[in-house]
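With my numbering applied, the sequence shown covers 72 to 1065.
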Amino acid sequence: MFMAMMKKKGDRLVFAYYVTGHGFGHATRVVEVVRHLIVAGHDVHVVTAAPDFVFTSEIQSPRLFIRKVLLDCGAVQADALTVDPLASLEMYSKTAVLPRASILATEAEWLKSIEADLVVSDVVPVVCQAAANAGISSVCVSNFSWDFIYAEYVMAAGYDHRSIVWQIAQDYSHCKFLIRLPGYCPMPAFRDVIDVPLVVRRLHKSRAEVRKELGIADGVKLVIFNFGGQPAGWNLKKEYLPAGWLCLVCGASENQELPPNFRKLAKDAYTPDVIAASDCMLGKIGYGTFSEALAYKLPFVFVRRDYFNEEPFLRNMLEYYQGGIEMIRRDFLTGRWIPYLERAISLKPCYQGGSNGGEVAACILQDTAVGKHYASDKFSGARRLQDAIVLGYQLQRAVGKDICIPYWYSLAANELSLHTALPTIETTKTTSITEVCTEDFEILHGDIRGLSDTASFLKSLARLDASYDSGKNTKCQMRERVAAAALFNWEEEIFVARAPGRLDVMGGIADYSGSLVLQMPIREACHVAVQKNDPSKQKLWKHVQARQHIDGQGPKPILQIVSFGSELSNRGPTFDMDLSDFLQGEQPISYKKAKEYFAQDPAQKWAAYVAGTILVLMRELGVRFENSISIVVSSAVPEGKGVSSSAAVEVASMSAIAASHGLNIAPRDLALLCQKVENHIVGAPCGVMDQMASVCGEANKLLAMVCQPAEVLGLVEIPSHIQFWGIDSGIRHSVGGADYGSVRIGTFLGRKMIKSMASEISSYSLANGNSDRQVCAMNSDEMEKDGRELLEVEASLDYLCNLSPHRYEAVYAKKLPEYITGEAFMEKYVDHEDSVTVIDQKRNYAVRASTRHPVYENFRVKAFKALLSATTSDEQLYALGELMYQCHYSYSACGLGSDGTDRLVKLVQEMQHSKSYRSGNGSLYGAKITGGGSGGTVCVIGSNCLRSSQQLLEIQQRYKDATGFMPFIFEGSSPGAAKFGYLKIRRRSPANPI
């Protein structure tokens, strides 16, 4: 077929085919496309850093030319399962950014020298620009693009390298179109796409031939161990495999000793043949393993990688066709393989799609090279917008709405029924929300308080019961819901708690310096359902059953957690552990050991927010957990938006666990306990403001609290003519990020310096008498008794916010350094007196700006609180808005601003200062970045009127036009966890309805 499509007999085209430096998977799929091009009589120059044998073992032709050049580096891996985000960005910068001008000149000249008809890239960004410079068309062939992958690295490693993402996207925009492979990620940088079937290497031998050559009997179950040739450091043992199984290990080192049921696979073995001859595969998901497992209907037991955004899209397609099972990394490393392998061989993979993508892609490339115009059957503009939306939700880890993504991904996402992580409950005039809930559950304690999200959560739980009872685990059903359906004993009591996120109106990062803060609980909340059971009656997942069977100790307390929505952020949807893992002898383990425990598997690190509450209750309150615990977490508070998603999870989890175990914890104490989870187990150096707002807040009121450490002053009524909104910038915020932590350290360095200065001034004044006018440029009046007492207070300053702005300016501001290195500080002051952060001696910390911010912020918040009760006027709103603007720019001075939040604040200002405002039609008065800064959400203040909503929608559209990201608007409020209380529910029997 392919030969028949030649432009004319004897025509010879020249292709330059660039291959990314990341792994062998790209090179092996390129082989298939190149092979078909060469069969058609064309010359192909492959530009790659991969070994020659990858290509020459399949293609022996004088028309194949290999040029060894590395133009990108892909992802830098510490091992087969761990990517180093910062190292990846730094390596890409060295490989493709710093020498960019030279690369562009060299590649353009080389392309002209070989008279290339078409440049093909899989999926090297810079060559698209080089081809454009040489006047040659380019086409990309891939299932993902590096701007998508690196965007997550920028969020994880800091924003210093974010220009890389924009440069890569700009490079890709020069290519003619994308040949898109199945299992694709969103790739909005490409102007158009053409979809092709799987690109899969052909088989050379039959299953019987391969097994005969390897000496494997028909009755032996064969698993291929395929981790990209990086098994070093894994101690493989005989007991890892079921009896009668044999494991073929790819990439084993020559000196590695293996048990008798493990065998090294020769380095020159043709992997597709071995895969097709196996009964299942154990490895990590990459395009090569994914495509060959699908095409040859091989069950695939995979271990999740962290920091590789390609994986969830491949994984979902693999699971949709019933071809994949995830093995928890902890079970993989400890050798608990048997239940996963035995379950794998019961799968019936059902992929029926094509696997001739190499041939189809070669046809398209040939036609493009001779000038044929390929137009996809999609509307390019709409398709790119759809991809951009998916990219935004995927990267920012927000709960998705109705977004258009590949059908198999759409099915999985829709199974969650998530806008706020839950299905929508519709009620009629004659049916209340409470009645809808009581149809499914008997409410033994508590009240849903008319909250539709709580009703939706209960409905979601009821559907789990129906799913479990029916036994219908359809192929489009999300794993998290399948796991959750088998979690609860439905005839037993279940405890439900709810905790909202919060909008930081004023106070923000000054909380850890003891500031007054004003916080509003938002409408979006986290729900947690908890059930405790005697270990002998606890329902267990199969791999947990197998673990207990192997341990041979009988039933013991187990913790099992399911997190709804985890698949949208490449987290493991389930977590389990023996509760005895929290004990060392009879005593709870240290927080340090717990932090290390949860850090073992990055895909399950999220569980620290939930399970960590159990350890805190053990350590701080002496609680002993002798029963098994089952937990379902469903949060509608979007992550990385600066609205306290983590605090909502912690508070809801601890509230539900406490209720289920009969613990009566005061609201303030609950918040402080949850802060310990975040500080000591998760490792995020946050203040207590977030947890207090989530626990103690009330709907449509501001919680006023002095964070010393958590003293609630009361609830501040929001005047009826004022309203607050949050606008998401689309830039992911992280309290655990380097910027937040370094500013906090800078603040504590400043406090320590101020205390030291105050002590020195006080000591010097006593030694020299009050009349010495040379003491620190102070006059004698300041050296009177009151002045000395003030210095003594400042010498023992517990909270920086107890220092007034005028004292800061008069005595200390000019003496504080702008910056100081950690090493220089420690040489003079030894310690910064902050138990939740560690000074990096090599780092340069901003001291003056970080110290100044909380001193002035505390004053601004006090003024803001007073103004809220002032007489209603435009001047009142103007003053409130001005205080928010000052706060915003103070964040920026600390280094905690971001392009997105600055743009939103500027849009509010432009709206405020427009002609319509001056003519009396304006209604927005101020805005500020919130929470920990460096992205996230902007808080806006305005009049409570229709005009404000219209102006916000206009800002939303203008932001989208400028950035491509449609910001979410947070509007509305809801009660905190203490006000909500808890629900105790029991499933109604179908035979015993209301």
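We treat Cβ as the ideally placed atom computed from N, Cα and C, and that holds for glycine. Note that the structure is predicted; figures quoted are calculated from it, not measured.
Close-in-space but distant-in-sequence residues of the same chain around residue i (CB under 7 Å, 5 per side omitted)
i, result
"GLU788", "LYS772"
"GLU178", "VAL198 and ALA201"
"TYR949", "TYR996"
"ALA149", "ASP155"
"ALA719", "ALA570, PRO571, GLY572, ALA596, CYS597, SER706, VAL708 and SER765"
"ALA75", "Because ALA75 carries a pLDDT of 41, less than 50, the predicted location of this residue cannot be relied on, and the following value inherits that uncertainty. Counting only Cβ-Cβ distances below 7 Å, and skipping sequence neighbours, we find nothing."
"PHE450", "Any reading at PHE450 must be qualified, since the residue scores a pLDDT of 43, below 50, and its modelled position is unreliable; no value is offered."
Spatial neighbours of residue i in its chain, beta-carbon cut-off 8 Å, leaving aside the 5 residues before and after
i, result
"PRO313", "LYS292, ILE409, LEU412 and GLU413"
"TYR956", "VAL976, GLN980, GLY997, ALA998 and LYS999"
"PRO606", "PRO626, LYS627, PRO628, ILE629, ASN698 and SER699"
"LEU317", "ILE287, VAL291, LYS292, LEU293, VAL294, ASN332, PHE333 and ARG334"
Contacts around residue i, its chain only, beta-carbon distance under 6 Å, and the 5 residues preceding and following it disregarded
i, result
"LEU353", "VAL294, PHE296 and VAL372"
"LYS276", "ASP344"
"ARG914", "GLY893"
"HIS924", "SER961 and CYS965"
"GLY145", "THR91, GLY92 and HIS93"
"ALA120", "GLY92 and LEU141"
Length of the line joining the Cα atoms of residue i and residue j
i, j, result
"VAL928", "LEU734", "One point to set straight first is that residue 928 is Glu, not Val, in the sequence displayed. So the two alpha carbons sit approximately 37 Å from each other."
"TYR367", "ILE346", "8 Å"
"THR684", "ARG1018", "44 Å"
"ASP377", "TYR391", "21 Å"
"LYS500", "ASN750", "Legend: pLDDT at LYS500 = 40, less than 50; position of this residue unreliable, no value from coordinates given."
"ILE621", "GLN675", "23 Å"
"GLY471", "ALA533", "Unreliable positioning characterises GLY471 in this predicted model, as indicated by a pLDDT of 28, which lies under 50. A coordinate reading is not provided."
"ASN873", "GLN779", "10 Å"
"TYR900", "GLU860", "23 Å"
"ASP649", "GLN631", "9 Å"
"ARG844", "SER833", "Low per-residue confidence applies at ARG844: pLDDT is 43, beneath 50, and the placement is therefore not dependable, though the value from the model is reported in the following sentence. Going from the Cα of ARG844 to the Cα of SER833 covers about 14 Å."
"LEU574", "CYS1010", "7 Å"
"GLN1021", "ARG974", "18 Å"
"ASP652", "GLU382", "30 Å"
"VAL435", "ARG272", "Residue identity differs from the one stated: residue 435 is Ile in this sequence, not Val. Going by the C-alpha atoms only, they are around 18 Å apart."
"ASP143", "TYR221", "12 Å"
"LEU887", "MET689", "43 Å"
"GLU831", "LYS747", "35 Å"
"ILE752", "GLU782", "24 Å"
"SER875", "LEU868", "12 Å"
"VAL194", "ALA260", "13 Å"
Residue i and residue j closer than 8 Å at C-beta
i, j, result
"THR943", "ARG815", "no"
"ILE736", "PHE1041", "no"
"GLU551", "ASN380", "no"
"PHE403", "LEU385", "no"
"THR342", "VAL714", "no"
"LYS1119", "HIS732", "Residue 1119 is absent from the structure shown; the chain starts at 72 and stops at 1065."
"VAL105", "ILE130", "yes"
Reference residue i; option with closest CA among the options
i, options, result
"GLY643", "PRO673, HIS614 and SER132", "PRO673"
"ARG520", "SER921, TYR668, GLU363 and ALA568", "ALA568"
"SER1045", "ALA866, GLN590, ASP740 and GLU863", "GLN590"
"LEU152", "GLY94, ASP799 and ALA176", "GLY94"
"SER531", "LEU418, ALA323, GLU953 and VAL703", "VAL703"
"GLU310", "SER800, ARG618, ALA881 and ILE752", "ARG618"
"ALA727", "ALA679, GLU129, THR91 and GLY1052", "GLY1052"
"GLY429", "ASP350, ALA176, ILE220 and VAL102", "VAL102"
"GLU562", "PHE512, PHE528 and LYS139", "PHE512"
"PHE646", "ALA682, ILE825 and LEU529", "ALA682"
"LEU160", "ARG251, LEU108 and ASP218", "ASP218"
Residue-chain proximity (residue i, chain D), Cβ-Cβ < 8 Å
i, result
"ASP524", "The chain inventory of the structure shown lacks chain D, comprising one protein chain alone."
heavy atom of the ligand ADP below 7 Å from residue i C-beta
i, result
"ALA366", "Only the bare structure without any ligand can be found here, which leaves the ligand ADP out of the picture."
Report yes or no: do the region 959-967 and the region 998-1005 share at least 3 C-beta pairs separated by less than 8 Å? When C-beta atoms of the region 959-967 are compared with those of the region 998-1005, three or more pairs fall below 8 Å, so the two segments count as touching.
May I ask you to verify whether the region 264-274 touches the region 233-246, counting CB pairs closer than 8 Å and requiring at least 3? no
Validate contact between the region 109-116 and the region 206-224 using beta carbons, cut 8 Å, 3 pairs: no
Do three or more CB pairs link the region 809-828 to the region 579-588 at distances below 8 Å? In the pairwise beta carbon analysis, the region 809-828 is classified as touching the region 579-588: at least three pairs are separated by under 8 Å.
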